[in-house]
């Protein structure tokens, strides 16, 4: 009887954990939409044109090298206006916004960012025609930033 | 604030050049305690502008998600000989500036 009860208890606990995980997942999805809307003001966001290069495994979340490139001719008529880097699981998800223009020649920015957790980092580019393009990369972080000092 | 900029000394007209700037700054997140357990207030370089002969070629708005001693690499089209001026400010209101000359040769 005791083992059956324990079995049922484990089963319900597992189901609960699964539901919680689902809930957490749904949470990040809505967060992403809200975040993107905060930047775009509700404009449609298309996937593509943005390449996010970063190591898949970052030993140290304090300084994760990233390179964001946008497929654009960077002419006066057709260029990238801005690139916003987003880390949804950071305490402050908007990491930085970089403003570029036709004088940039190439739509590429390299920097180092802090990551508080393993996550998919995103880059949202706004082009001169007003359209928004999204790209991302998943980074596994072993030593987290923010939690410890440094 | 100590900073190092990397701008090529010379370029051909129309060439896309790579620019790098590294600034010594803790980029305090505001989440870190000091040795007495008190929270160190947030202080990051929140804005950096790079102008080339007076024209803005790059601007960064940054938050605490940018690592300490921020490094930025971007590009610019070499148009005419002149000066690159980098200016930035942190949350404490402290400003920094750095400049570099570029000589542009005709094609």
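Chains as they are written, first to last, in the working numbering: chain A, 1 to 150; chain B, 151 to 257.
Beta carbons are placed, not taken as given, at the ideal position from N, Cα and C, and that holds for glycine.
Keep in mind that this is a model prediction, so the values were computed, not measured.
| query | result |
| --- | --- |
| Neighbour flag for residue 41 of chain A against chain B, beta carbons, 8 Å | no |
| Counterpart residues of residue 236 of chain B in DSSP-defined beta bridges | B/200 and B/248 |
| CB of residue 121 of chain A within 8 Å of CB of residue 141 of chain A, strictly | no |
| Where residue 104 of chain A meets chain B, residues with beta-carbon distance less than 9 Å | 166, 207, 208, 224, 225, 226 and 227 |
| Cut-off 6 Å between Cβ atoms - residues of its own chain near residue 242 of chain B, not counting five sequence neighbours on either side | 193 |
| For residue 251 of chain B and residue 217 of chain B, believed in contact at Cβ under 8 Å, the rounded distance | Actually they do not touch by this definition, with Cβ atoms about 29 Å apart. |
| Local Cβ density within 10 Å of residue 134 of chain A, reported as buried at 16 or more and exposed below that | buried |
| For residue 104 of chain A, the three-state DSSP class (helix, strand or coil) | helix |
| Test: residue 220 of chain B CB closer than 8 Å to a CB of chain A | yes |
| Test item: CB-CB of residue 113 of chain A and residue 87 of chain A under 8 Å | yes |
| Residues sharing a beta bridge with residue 75 of chain A, DSSP | Answer is none; residue 75 of chain A lacks a bridge partner. |
| Nearest candidate by alpha-carbon position, reference residue 168 of chain B, set B/224, B/206 and B/232 | B/224 |
| Per-residue contacts from residue 213 of chain B into chain A (C-beta, under 7 Å) | 92, 94, 95 and 96 |
| Residue span of the beta strand (DSSP E) that contains residue 122 of chain A, given as start and end | 119-127 |
| Buried/exposed call for residue 78 of chain A, threshold 16 Cβ in 10 Å | exposed |
| 7 Å CB neighbourhood of residue 246 of chain B in its chain, flanking five on each side removed | 151, 153, 173 and 238 |
| Residue 208 of chain B - containing beta strand (DSSP E), residue span | 205-212 |
| Any chain B beta carbon closer than 8 Å to residue 51 of chain A | no |
| Euclidean distance between Cα positions of residue 128 of chain A and residue 187 of chain B | 47 Å |
| Below-8 Å beta-carbon distance, residue 217 of chain B vs any chain A residue | yes |
| Burial state of residue 36 of chain A, where buried means 16 or more other Cβ atoms lie within 10 Å | buried |
| Identity of the residues DSSP links to residue 159 of chain B by a beta bridge | Answer is none; residue 159 of chain B lacks a bridge partner. |
| Rounded C-alpha distance that separates residue 74 of chain A from residue 32 of chain A | 28 Å |
| Where residue 256 of chain B falls, given that 16 or more other Cβ within 10 Å makes a residue buried | exposed |
| Under 8 Å from the C-beta of residue 66 of chain A: neighbouring residues of chain B | What residue 66 of chain A touches in chain B: nothing, since even the nearest Cβ is about 10 Å away. |
| Backbone secondary structure at residue 142 of chain A - three-state DSSP | strand |
| Beta strand (DSSP E) segments (min. 3 residues) lying fully within the stretch 29-56 of chain A | 45-47 and 50-53 |
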